[in-house]
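Encoded as structure tokens, the structure appears first; notes follow it.
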Amino acid sequence: MVSNNSEAFPTAFKFLIAGGFGVGKTTFVRSVSEIEPLTTEETLTIASVGTDDLAGVGDKTTTTVAMDFGRITFNPQNLVLFLFGTPGQERFWFMWDDLVRGALGAIVLADTRRLEDCFAAVEFFERRGIDFLVAVNEFDGGFRYQPEEVREALDIKRHVPIMMCDARDKRSAASMLIHLTEHVLATRPA
Ligand SMILES: Nc1nc2c(ncn2[C@@H]2O[C@H](COP(=O)(O)OP(=O)(O)OP(=O)(O)O)[C@@H](O)[C@H]2O)c(=O)[nH]1
Ligand SMILES: [Mg+2]
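Just so you know, we're using this note's numbering here: the sequence shown kicks off at 1350 and counts up by one.
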């Protein structure tokens, strides 16, 4: 028998957590996921010096080579978000074309120490017409910008939300997802 109780069927969205190398994508998925996230971290080795640009990422020792996967449910709204974190290094960008399939929206994480590194992600989603917001992950010791300064520096279009976040903080990361959901719902026809 087919139930007509729509409450039983949550609305599921696929969101990408994207951005340049070392901006905190894996950290974001890890802090907000209600399941143990699937990650594909590999150790950065001496052999990668010259390939991996480690300038500005502090004492980072691992990097995502394929993707991160996590899930979060918002109960009153009966909403399930599947989160796919992208790899940040240029040599793994070919993965993005697969990860983006079926995605309804994206968060582009930006690191104020290397703001320009999120250009590629911004362009990627703009070209594909995927709604996104820019979340500025405020690292300790990084310069503190106002959202409108970031918009100007990166030439982000007016309708794209720009907000400050701390990828290590579950509440902060969850609020980015709520903002993105609202943004997607507001920009898409019913
Ligand atoms: N201080 C500070 N450290 C952070 C923050 N977010 C992430 N980190 C740290 O920064 C490092 C890089 O974070 P990752 O989550 O691995 O970055 P990523 O974007 O997944 O990196 P790739 O997959 O290699 O591109 C980790 O050591 C985190 O603990 C933050 O908001 N503040
Ligand atoms: Mg990662």
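Virtual Cβ for every residue (Gly too), placed ideally from N, Cα, C.
None of the values given here were measured: they were computed from a predicted structure.
So is residue i buried or exposed if we call it buried at 16+ other beta carbons inside 10 Å?
i       : result
Leu1534 : exposed
Val1351 : Reliability of the predicted coordinates at Val1351 is poor, the pLDDT of 44 falling under 50, and the value obtained from them is presented with this limitation in mind. Exposed, by the Cβ-count rule.
Asp1489 : exposed
Ile1384 : exposed
Phe1474 : buried
Gly1550 : Outside the shown range of the chain, which is 1350 to 1539, sits residue 1550, and nothing can be said about it.
Ala1522 : buried
Is residue i helix, strand or coil by DSSP?
i       : result
Met1444 : helix
Thr1315 : What the structure shows of the chain is the stretch from 1350 to 1539, and residue 1315 is not part of that stretch, so it cannot be assessed.
Phe1358 : coil
Ala1452 : coil
Ala1367 : strand
Met1513 : strand
Ala1345 : Because the chain is modelled from 1350 through 1539, residue 1345 falls outside the range shown and cannot be assessed.
Glu1439 : helix
Phe1473 : helix
Thr1422 : strand
Ser1352 : Reliability of the predicted coordinates at Ser1352 is poor, the pLDDT of 44 falling under 50, and the value obtained from them is presented with this limitation in mind. Correct three-state label for Ser1352: coil.
Leu1503 : helix
Leu1393 : coil
Taking the Cβ atom as the reference point for each residue, do residue i and residue j lie within a distance shorter than 8 Å?
i       : j       : result
Ser1380 : Leu1432 : no
Leu1430 : Leu1365 : no
Ala1459 : Val1499 : yes
Gly1369 : Asp1515 : no
Leu1453 : Thr1360 : no
Thr1461 : Val1485 : yes
Glu1487 : Met1513 : yes
Pro1436 : Ala1415 : yes
Lys1409 : Gly1373 : no
Is there at least one Cβ from chain D nearer than 8 Å to residue i's Cβ?
i       : result
Asp1417 : Chain labels in this structure do not include chain D; a single protein chain is all it has.
Mind reading off the beta-carbon distance from residue i to residue j? Whole number of angstroms is fine, and I expect it under 8 Å.
i       : j       : result
Thr1375 : Leu1393 : Going by Cβ atoms, the distance from Thr1375 to Leu1393 rounds to 13 Å, so no, they are not a contact pair.
Val1378 : Gly1419 : 4 Å
Starting from the Cα of residue i, find the closest Cα among the options and give me that residue.
i       : options                               : result
Asp1480 : Glu1487, Glu1472 and Asn1486          : Glu1472
Gly1434 : Ala1470, Thr1410 and Phe1423          : Ala1470
Thr1388 : Phe1492, Phe1443 and Asp1417          : Asp1417
Gln1438 : His1528, Glu1391, His1532 and Pro1425 : Glu1391
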